[in-house]
Structures are given as structure tokens and as C-alpha cells.
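Asker: Dumping the structure here so I can ask a few things about it.
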Amino acid sequence: VSLLDDIKYPEDLRGLKPDMLKRLVQEVRERHIDVISEKGGHFGASLGVAELTVALHYVFKTPHDQLVWDTGHQAYIHKILTGRNEDMPTIRKKGGLAPFLRREESEYDAFGAGHAATSISAAWGMAVGRDLTEQDFEVVAIIGDGAMGCGLAYEALNNAGHTDRDFIVVLNDNDMSIAPAVGAMNKYLTGVITNPAYNKIRSIVKEVLHRTPTALGDVMEEVAGKLEESAKHLITPGLIFEELGFQYVGPLDGHNVDQLVSTFSRVRKMNGPILVHVLTRKGK
Numbered sequence: 001v002s003l004l005d006d007i008k009y010p011e012d013l014r015g016l017k018p019d020m021l022k023r024l025v026q027e028v029r030e031r032h033i034d035v036i037s038e039k040g041g042h043f044g045a046s047l048g049v050a051e052l053t054v055a056l057h058y059v060f061k062t063p064h065d066q067l068v069w070d071t072g073h074q075a076y077i078h079k080i081l082t083g084r085n086e087d088m089p090t091i092r093k094k095g096g097l098a099p100f101l102r103r104e105e106s107e108y109d110a111f112g113a114g115h116a117a118t119s120i121s122a123a124w125g126m127a128v129g130r131d132l133t134e135q136d137f138e139v140v141a142i143i144g145d146g147a148m149g150c151g152l153a154y155e156a157l158n159n160a161g162h163t164d165r166d167f168i169v170v171l172n173d174n175d176m177s178i179a180p181a182v183g184a185m186n187k188y189l190t191g192v193i194t195n196p197a198y199n200k201i202r203s204i205v206k207e208v209l210h211r212t213p214t215a216l217g218d219v220m221e222e223v224a225g226k227l228e229e230s231a232k233h234l235i236t237p238g239l240i241f242e243e244l245g246f247q248y249v250g251p252l253d254g255h256n257v258d259q260l261v262s263t264f265s266r267v268r269k270m271n272g273p274i275l276v277h278v279l280t281r282k283g284k
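The sequence shown begins at 1 in the numbering used here and counts up one residue at a time.
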């Protein structure tokens with residue numbers, strides 16, 4: 001019996017038990033291969049994010065929570081999981097599904113992307129609008145490492161990073177050009193950084209230091225911050241993102257759906273700008 005036959009929308013996906021997700025990933029991957037092999041389109045990019053796409057829709061309450069995919073090359077499996085599976089054979093045909101994301105096509109397409117590197121700016125604007133109108137939902141931008149090389153992406157990171165606004169960026173690194181490997185130490189550190197107890201203690205320490213007499217408090221806060229950052233940067237490649245004001249999580253194995261679900265579940269409860277670094281392989 002096919003799981004995918006019963007998954008019309010992400011709400012159905014979220015009804016699955018965690019141990020069923022690997023099977024669903026394989027089914028959506030096979031569906032993608034069948035459709036794109038016959039109809040044409042962007043083949044490898046979406047295959048590489050099968051686990052990531054399933055994990056994001058499993059953890060975040062789409063369409064209430066907003067997923068902003070960069071360009072749309074990586075979003076074919078997103079289409080399969082958001083009410084368009086039966087129409088996938090019409091993709092790229094007149095009157096059929098668009099090969100990219102279209103807001104008019106689905107409420108799950110939060111942003112109609114065209115040019116690369118626009119996702120972070122668009123998602124940041126949504127986060128600002130959310131807070132100005134006192135709404136409550138998560139905003140997640142998913143961007144590839146190629147698009148991350150564009151100046152527009154770093155401009156957006158710079159704007160978003162130096163605030164306390166809740167905002168998540170997922171870096172889909174499919175060339176492994178930023179981090180060399182996913183090691184046991186990185187896996188351990190990711191668990192620590194996203195642990196609620198760690199973040200609670202982190203907040204308490206900051207509050208205590210802020211209440212300490214100014215001169216002494218400033219020195220203690222600077223020393224504590226340097227110790228924390230030095231320890232993290234010895235074993236993580238996220239220095240540049242931390243300097244831009246983001247809390248860095250990763251790198252994660254982008255083909256381990258259990259780890260992705262566990263990490264995103266924790267990240268969803270964290271505050272401030274967060275960058276989650278995911279390593280994938282195109283076409284896997």
C-alpha cells in the first residue's frame with residue numbers, strides 16, 4: 001500500500017508516525033523520477049531535497065507557517081506534497097502546473113520566485129510584516145549554496161541578523177563547498193545548541209550579566225561570549241553566519257530525515273535569527 005496515495009496535503013503528512021517518513025521519502029522520490037523523466041524539468045535539485053522537504057512540512061504547520069523556496073528548482077517534491085501530485089504530469093504544459101512556484105497556483109507557494117537569491121529578502125519581509133501586524137507564524141527561507149553566493153543574499157542576512165526577530169534560513173549546501181563533512185562532533189554540537197535547557201541557561205546568563213554593574217558586567221559578558229563562540233568555531237564552519245548575527249546550527253546530514261525532523265522541531269522553538277546548514281547531494 002502506497003503512503004503517498006493518502007498524502008494529499010501536508011496535514012496528512014503530519015499525521016504519519018516518525019518511523020514512516022523514510023518510506024514516504026522513497027515514494028516521493030520515485031514519483032518525482034517518473035514524472036520528470038517523462039515530462040522534463042529540473043531533475044537533480046528536487047531529488048536532493050526529498051528528505052528536507054518532507055521534514056519541513058512535517059515540522060512546520062504549512063500553509064500557516066511560510067516556506068519560501070529560492071527560485072523553485074528545488075520545489076517539485078514540495079508540489080507533490082501540497083495537493084498537486086495528481087496534476088504533476090501536466091507540469092510545463094499549457095494550462096498545467098508551472099515549473100516554478102506560483103502564488104496563484106497554491107496557498108503553499110508563499111513566494112513566486114524567479115531570479116536566484118531572492119528568498120531571504122522575501123522571507124525577511126514576511127517576518128517583518130508578521131510582527132508589525134502582531135501575527136504568529138514561522139517564516140523559513142530555503143536557499144542553495146550557489147544562490148548564497150549572490151550579494152543579494154548577504155544583504156538580506158545582514159538586515160535580518162542584527163535584530164531579535166524570529167526568522168529561519170535553511171542553507172541547502174549540495175556542493176559541500178562550505179563544510180567538509182558531517183562528523184560526530186558536529187552532530188553532538190547541534191544537539192547541544194538546539195537543546196531547550198542550553199538556550200534557557202544561555203538566556204539566564206545574559207540576563208544576569210545585563211543586571212551586573214555596567215563596567216564589570218560588560219567585561220564578563222564579553223568574556224563569556226568569546227568563550228562560547230571560540231568553542232563553537234573550533235568545530236563548526238558557521239563563523240561567517242554568526243558574525244552576521246545568526247545562530248548557526250549544523251552542518252546536518254540532509255539525507256537523514258530523522259535528524260532533520262528532530263533538529264527542526266527544536267529550532268522551531270528557538271528565538272531570533274537562525275541559520276540551519278544542511279548538506280545534500282544533488283540527484284540522490
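C-beta atoms are modelled at their ideal positions from N, C-alpha and C, and glycine is treated no differently.
Which residues bound the alpha helix (DSSP H) around Y9?
Answerer: Counting from one through the sequence shown, the residue named residue 9 turns up at place 9. From DSSP, Y9 is part of no alpha helix (DSSP H); its letter is neither H nor E.
Asker: Flag L101 as yes when its Cβ comes closer than 7 Å to any non-hydrogen atom of the ligand PLP, and as no otherwise.
Answerer: What this structure holds is no ligand at all, so the ligand PLP is not there to describe.
Asker: Does DSSP classify I91 as helix, strand or coil?
Answerer: Your numbering for residue 91 matches position 91 in the sequence shown. Three-state result, I91: coil.
Asker: Indicate the three-state DSSP secondary structure (helix, strand or coil) for G129 in the structure shown.
Answerer: Residue mapping note: residue 129 aligns to position 129 of the sequence shown, counting from 1. Three-state DSSP puts G129 in a helix.
Asker: Compare the beta carbon distance of V68 and S119 with 8 Å and say whether it is the shorter of the two.
Answerer: By one-based count along the sequence shown, residue 68 stands at place 68. By one-based count along the sequence shown, residue 119 stands at place 119. It is a contact, given that the beta carbons lie within the stated cut-off.
Asker: Take G112 and list the residues in its own chain whose beta-carbon comes closer than 6 Å to its own, dropping the five residues that flank it on each side.
Answerer: Position 112 of the sequence shown, counted from the first residue, corresponds to residue 112. Excluding residues within five positions, the ones whose Cβ falls inside 6 Å are L101, R102, R103.
Asker: Would you kindly work out how many angstroms separate the C-alpha atoms of W124 and L152, rounded to a whole number?
Answerer: In the sequence shown, counting from the first residue as 1, residue 124 sits at position 124. In the sequence shown, counting from the first residue as 1, residue 152 sits at position 152. Their Cα atoms are separated by approximately 12 Å.
Asker: Grab me the residues of S2's own chain with a C-beta within less than 8 Å of its C-beta, minus the 5 sequence neighbours each way, in chain order.
Answerer: Looking up residue 2 in the sequence shown gives position 2. If we look at S2 and ignore the five residues flanking it on each side, its Cβ neighbours are E27.
Asker: Just the Cα atoms here: how many angstroms apart are K8 and G15?
Answerer: Position 8 of the sequence shown, counted from the first residue, corresponds to residue 8. Position 15 of the sequence shown, counted from the first residue, corresponds to residue 15. For K8 and G15, the distance between alpha carbons rounds to 12 Å.
Asker: Which residue or residues does DSSP assign as beta-bridge partners of L279?
Answerer: Within the sequence shown, numbered from 1, the residue matching residue 279 stands at position 279. DSSP lists D173, D253 as partners of L279.
Asker: Are three or more beta carbon pairs between the segment 165-175 and the segment 133-148 nearer than 8 Å?
Answerer: Result yes; three or more Cβ-Cβ pairs closer than 8 Å.
Asker: Should P10 and H57 be called a contact, given that it needs their Cβ atoms to be closer than 8 Å?
Answerer: As a first step, residue 10 is located in the sequence shown; it is residue number 10 there, counting from the start. As a first step, residue 57 is located in the sequence shown; it is residue number 57 there, counting from the start. Closer than 8 Å, so yes.
Asker: Alpha helix (DSSP H) containing V54: first to last residue?
Answerer: Within the sequence shown, residue 54 is the residue found at index 54, counting from 1. Per DSSP, V54 belongs to the alpha helix (DSSP H) from 50-59.
Asker: Three-state secondary structure (DSSP) at L67?
Answerer: Residue 67 sits at position 67 when you count from the first residue of the sequence shown. Strand at L67.
Asker: Is it buried or exposed, Q259, if we count other Cβ atoms within 10 angstroms and call 16 or more buried?
Answerer: Counting from 1 along the sequence shown, the entry for residue 259 is found at position 259. Looking at its Cβ environment, which holds 16 or more other Cβ atoms inside 10 Å, Q259 is buried.
Asker: Taking only three categories from DSSP, how would you classify Y248?
Answerer: Locating residue 248 in the sequence shown gives position 248, counting from the first residue. It is a strand residue.
Asker: What are the residues that DSSP puts in a beta bridge with I142?
Answerer: For the purposes of this step, residue 142 is taken as the residue at position 142 of the sequence shown. For I142, which the question treats as bridged, DSSP gives the partners W69, V170.
Asker: Return the chain-ordered list of same chain residues with a C-beta closer than 8 Å to the C-beta of L24, the five sequence neighbours on each side being excluded.
Answerer: Reading the sequence shown from its first residue, position 24 is the one you call residue 24. Excluding residues within five positions, the ones whose Cβ falls inside 8 Å are L3, L4, I7, L13, L16, V54.
Asker: With burial defined as no fewer than 16 other Cβ atoms inside 10 Å of the residue's Cβ, what is the status of K79: buried or exposed?
Answerer: Indexing the sequence shown from 1 puts residue 79 at position 79. It counts as buried.
Asker: What residue from Q66, G83, R29, D34 has the CA that sits closest to P89's CA?
Answerer: Residue mapping note: residue 89 aligns to position 89 of the sequence shown, counting from 1. Considering only alpha carbons, the answer is D34.
Asker: In whole angstroms, what separates the C-alpha of N159 from that of G245?
Answerer: The count along the sequence shown starts at 1 and reaches residue 159 at position 159. The count along the sequence shown starts at 1 and reaches residue 245 at position 245. Using only the alpha carbons, I get a separation of about 9 Å.
Asker: Quick check on S37: buried or exposed, where buried means 16 or more other Cβ atoms within 10 Å of its Cβ?
Answerer: As a first step, residue 37 must be located in the sequence shown, where it is residue number 37. S37 comes out exposed.
Asker: Following the continuous alpha helix (DSSP H) through E242, name the residue where it begins and the one where it ends.
Answerer: Mapped onto the sequence shown, residue 242 falls at position 242. From DSSP, the alpha helix (DSSP H) with E242 extends over 239-243.
Asker: Can you tell me where the alpha helix (DSSP H) holding L16 begins and where it ends?
Answerer: The residue you call residue 16 lines up with position 16 of the sequence shown. Run containing L16: none; DSSP gives neither H nor E here.
Asker: Would DSSP call P196 helix, strand or coil?
Answerer: Taking the first residue of the sequence shown as position 1, residue 196 is located at position 196. Residue state, collapsed to three classes: helix.
Asker: Leaving out five residues on either side along the sequence, give the residues of the same chain with a beta carbon under 8 Å from the beta carbon of N172.
Answerer: As a first step, residue 172 is located in the sequence shown; it is residue number 172 there, counting from the start. Around N172: G48, V49, L52, Q74, I142, I143, G144, D145, G254, V278, T280.
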